[in-house]
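Student: Would you mind keeping the following structure in view while I ask a few things?
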Amino acid sequence: MSIWKLGLSGGIGSGKSAAADHFAALGASVVDTDVLARQVVAPGQPAFDEILSRFGPEFLNRDGSLDRAALREEVFRDPDQRVRLEAIVHPRIRERILAAWDDATGPYGVLVIPLLAEAGRRYSLDRVLVIDAPEELRIARVMARDGVDEPSVRRVLAAQAARNQRLALADDVIDNRGSLAELLGQVAALHRGYLELAAARSAATN
């Protein structure tokens, strides 16, 4: 029987990483596509060589790793380049997601997908949770977190799906305009409901 799976999404600065960390602390099996994306483009991985062949050595750091920030800026400027990069990276991420579900030990799985709306619902998910916050608050959070200027953050926002597109995919929404404690409280409440849903599905299939 496959594990019951929650898709967790939200725009940059929404607080989805904090939410994912709390789901993990509560016992869910969390798989983060951003982490997998870093793994598949590490030196020595097939995607690393393919990206260098396609995009060129100017996207290398001095230590020989991929300059993911520079590559991200490049694909934000050129949608065709973004399609090329995704064709290299996404199939390998999907392979790792499937392997992670096979190894999952929690009562249910949480797949963190920042770009779920952009990717379409290509992933097999039982439910989708979106972490939401006002745009100006998200911009301020990212500027403080990453030490970047406002135009840089707005370029990332422009390349992501609009807020209404993310919310259209959501079965559940957390409003994260408040404190961290408020966010974690909402996560805990949803966790209790997800445990029930996962248990009901398990009972129905046994």
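All you need for our numbering is the position in the sequence shown, starting with 1, plus 144.
Every residue gets a Cβ at the ideal spot worked out from N, C-alpha and C, and that includes glycine.
Values in this document were obtained by computation on a predicted structure and should not be read as measured data.
1. With DSSP collapsed to three states, give me the class of Asp319.
2. Going straight from the alpha carbon of Arg216 to that of Ala347, what length do you get?
3. Between the alpha carbons of Val233 and Lys149, how many angstroms are there, rounded?
4. Sort Ser146, Tyr267, Ser161 by Cα distance to Trp289 and report the nearest one.
5. Give every residue of the same chain whose Cβ lies closer than 8 Å to the Cβ of Leu281, excluding the five residues on either side of it in the sequence, and list them in chain order.
6. Quick one: grab the DSSP three-state call for Asp270.
7. On the DSSP letters alone, give me the boundaries of the beta strand (DSSP E) that Gly151 sits inside.
8. Would the beta-carbon of Val254 fall within 8 Å of that of Phe199?
9. For the beta strand (DSSP E) that Asp176 lies in, which residues bound it at each end?
10. Tell me the DSSP bridge mates of Leu210?
11. According to DSSP, Ile275 sits in a beta bridge with which residue or residues?
Tutor: Judging by the given coordinates:
1. In the sequence shown, residue 319 corresponds to position 175, counting from 1. Asp319: strand per DSSP, three-state reduction.
2. Along the sequence shown, one-based indexing puts residue 216 at 72. Along the sequence shown, one-based indexing puts residue 347 at 203. Each residue's alpha carbon lies about 44 Å from the other.
3. The residue labelled residue 233 in the question sits at position 89 within the sequence shown. The residue labelled residue 149 in the question sits at position 5 within the sequence shown. The straight-line gap from Cα to Cα measures roughly 22 Å.
4. As a first step, residue 289 is located in the sequence shown; it is residue number 145 there, counting from the start. Going by the sequence as given, residue 289 is Arg instead of Trp. Considering only alpha carbons, the answer is Ser161.
5. One-based indexing of the sequence shown puts residue 281 at position 137. Closer than 8 Å at the Cβ level, and outside the excluded window around Leu281, lie Gly157, Arg321.
6. Numbered from 1 along the sequence shown, position 126 holds the residue referred to as residue 270. In this structure, Asp270 counts as coil in the three-state DSSP scheme.
7. For the purposes of this step, residue 151 is taken as residue 7 along the sequence shown, with counting starting at 1. Unbroken beta strand (DSSP E) run through Gly151: 149 to 153.
8. As a first step, residue 254 is located in the sequence shown; it is residue number 110 there, counting from the start. As a first step, residue 199 is located in the sequence shown; it is residue number 55 there, counting from the start. Their beta carbons are not under 8 Å apart, which means Val254 does not touch Phe199 by this criterion.
9. The count along the sequence shown starts at 1 and reaches residue 176 at position 32. For Asp176, the enclosing beta strand (DSSP E) has its first and last residue at 173 to 176.
10. Here residue 210 corresponds to residue number 66 of the sequence shown, with the count starting at 1. Per DSSP, the beta bridge partners of Leu210 are Leu204.
11. Counted from its first residue, the sequence shown places residue 275 at position 131. Under DSSP, Ile275 shares a beta bridge with Ile318.
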